[in-house]
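S.K.: If you number the sequence shown the way the UniProt record's numbering does, the last residue is 376 and the count never jumps.
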Amino acid sequence: MRSLHKGEAIRSMLNLEVCMGDVSLWQDLYARARGAIEGVLEEGEEMARRVVSGTGRWGEDAVGRLFGFARRGKLVRGALVWAGAGVCGGAPEEWCARVGAALELFQSGLLVHDDVMDRDRVRRGGPSMFAQYEGRAGEEGVREARRVGEALAVCVGDVAFFLGFGLLAGVGRGEAMRDALLRCVAEEYARVGVAQMDDVWYGAAGEGVRLEDVLRVYRYKTGRYTFSVPLSLGALLAGADEGVRGALEEVGELLGVVFQIRDDELGLFGSEEEIGKPAGSDVREGKRTVFWVLLRERLEGEERRRLDGVWGGEVGEEELGWVRRMVEERGVREEVGRLVEGYVRRVEERVAGLGVGEEGRRLIEELAAFNLRRRA
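1. How is SER3 classed by DSSP in three states: helix, strand or coil?
2. Looking only at DSSP bridge pairs, what is GLY126 linked to?
3. Within 10 angstroms of the Cβ of GLU317, are there 16 or more other Cβ atoms? Answer buried if so, exposed if not.
4. In whole angstroms, what is the alpha-carbon distance linking ARG119 and ALA48?
5. Tell me the start and end of each unbroken alpha helix (DSSP H) in the segment 295–353 that is at least 4 residues and wholly inside, in chain order.
6. Should LEU211 be labelled buried (16 or more other beta-carbon atoms within 10 Å of its own) or exposed?
7. May I ask you to report which of helix, strand or coil DSSP gives GLY243?
8. On a CA-only basis, which of TRP201, PHE161 and VAL257 is nearest VAL185? Give me that one, please.
9. Distance, Cα to Cα, VAL356 vs TRP95?
10. Below 8 Å on the Cβ atoms is my guess for residue 398 versus GLY86; work out the distance and round it to an integer in Å.
11. I'd like to confirm something about GLY86: is its beta-carbon nearer than 6 Å to some heavy atom of the ligand MG, or not?
12. Taking its Cβ as the centre, do 16 or more other Cβ atoms sit within 10 Å of ARG296, making it buried, or is it exposed?
13. Verify whether the separation of the beta carbon atoms of GLU139 and GLY149 is less than 7 Å.
14. DSSP state of GLU8, grouped into three classes?
15. Run through the segment 169–255 for me and flag every whole beta strand (DSSP E) of 3 or more residues, listed as ranges in chain order.
16. Locate the alpha helix (DSSP H) running through VAL81, then write down its first and last residues.
17. Should MET197 go down as buried or exposed, given a rule of 16 or more other Cβ atoms within 10 Å for buried?
18. Can you tell me whether GLU356 is helix, strand or coil according to DSSP?
19. My understanding is that VAL347 touches VAL251, with C-beta atoms under 8 Å, so please give their C-beta distance in whole angstroms.
20. Near SER24, what residues of its chain come up, given a Cβ to Cβ distance below 6 Å and the 5 sequence neighbours on each side ignored?
21. What's the gap between the Cα of VAL63 and the Cα of ALA204?
22. Can you tell which of VAL81, GLU188 and THR289 has its C-alpha closest to the C-alpha of ASP213?
23. Which of the three DSSP states is assigned to GLU43 in this structure?
24. Return helix, strand or coil for GLY21, following the three-state DSSP convention.
25. What did DSSP end up calling GLU144 once you bin it into helix, strand or coil?
26. Using the rule of at least 16 other Cβ atoms within 10 Å of the residue's Cβ for burial, across every protein chain shown, is ARG77 buried or exposed?
27. For ASN371, which of ARG262, ARG333 and VAL159 has the nearest alpha-carbon?
28. Hey, how far is the Cα of TYR30 from the Cα of LEU80?
29. I want to know whether the segment 295–314 touches the segment 324–334 - three or more CB-CB distances under 8 Å.
30. To the nearest angstrom, report how far apart LEU215 and ALA195 are at their CA atoms.
31. Can you grab the Cα-Cα spacing for the pair GLU175 / ARG136, in whole Å?
32. Just to confirm, is the Cβ distance from TYR218 to GLN260 under 7 Å?
33. Assess contact between the segment 90–108 and the segment 40–58, defined as three or more Cβ pairs (one per stretch) separated by less than 8 Å. Is contact present?
34. Around the Cβ of ARG350, are there at least 16 other Cβ atoms within 10 angstroms (buried) or fewer (exposed)?
Shown next, in the form of structure tokens:
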């Protein structure tokens, strides 16, 4: 496989030609889910404004910025709740919409915090939350505008988490289902936090980071909460048993790792218009990606020293072009493609034993295709 966006080898393993038409199960489901989630977010914003009304200067400001930021997202995680429910026979749309909107608020809170840690000034095509508040502090002549902006952004991220849990209130049929839903969300997002600690540490540590370390971060920081959690929650809302939910979580975990690897590729080779932040931002931030690990293994002497100087430094077009060229010439992009093939084979194996109908299988196949073909 020459590169991830080609996809020839992967189509031969999964029946991905079903996704090549103008309309697909996933596209239809995604459009319906997105509209419903946006509706809940609008209602959630009104509720949040009432909650914070009169609590201080920044309440309504924070709510407006937070929900505006959430609505600018792709809302994929929320839509995957519908997918999990659909694979298992369906669930009430109101439940799916509320859970989906909650996951999008959680995601927004994580991104707000992530941007503070990574010092990313652009997110979702606009200034990141801390950059917005830093600008506001600068306009008003506040001392240490950067620190104040970061602190206020951390608060907004916290608010997102608490409001997200508020949206989950009353969702589900009976105490057992509601307890399972809350336990799943709480446990998985705790794992995300710990995986983020690894990600930060590896970015600073430099040498000694192995491919398995990076893939473990992908598994818990992205794979499980991006795909496993929404698929499992959708299945829970549909009344699926723990065995089916567990199998869907395994499928979601594999799809989520592919999602992150694709994200790495877009971050390295995509444009700012496609990814919503500056091209090459992972290189500038010193992110330990699969591309970095595999490329560093292939370089020696002066070339390795050059990579170490570029990765995590101020990167211009010349340096970024050199990294891209090395990734291609040293076979890294091809090897990453083979790595993805392995994950897709495992998806195929799990789907075969999932015990779902043809429509459920097709939906999962389309999710795999979405992962491989997306440009943002």
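Just so it is clear, CB atoms sit at the ideal spot from N, CA and C, and this is done for glycine as well.
M.R.: Judging by the given coordinates:
1. For SER3, the predicted model reports a pLDDT of 43, less than 50, meaning its position is unreliable; a value from the coordinates is still stated below. Note: SER3 maps to coil in three-state DSSP.
2. ARG123
3. exposed
4. 28 Å
5. 301–310, 317–329 and 332–352
6. exposed
7. helix
8. PHE161
9. 22 Å
10. A query on residue 398 cannot be resolved here, the shown segment of the chain reaching from 1 to 376 and no further.
11. Because no ligand of any kind appears in the structure shown, any question about the ligand MG cannot be addressed here.
12. buried
13. no
14. Here GLU8 scores only 42 on pLDDT, less than 50, and its place in the model should not be relied on; the value that follows carries that caveat. In the structure shown, GLU8 sits in a helix (DSSP, three-state: H, G or I).
15. none
16. 76–87
17. exposed
18. The question names Glu, but residue 356 is Val in the sequence shown. Looking at VAL356 - three-state DSSP - the assignment turns out to be coil, as it is neither helix nor strand.
19. 6 Å
20. GLU366
21. 33 Å
22. THR289
23. helix
24. Note that GLY21 scores a pLDDT of 41, beneath 50, so its modelled location is shaky and nothing firm can be said.
25. coil
26. buried
27. ARG262
28. 8 Å
29. yes
30. 11 Å
31. 45 Å
32. yes
33. yes
34. buried
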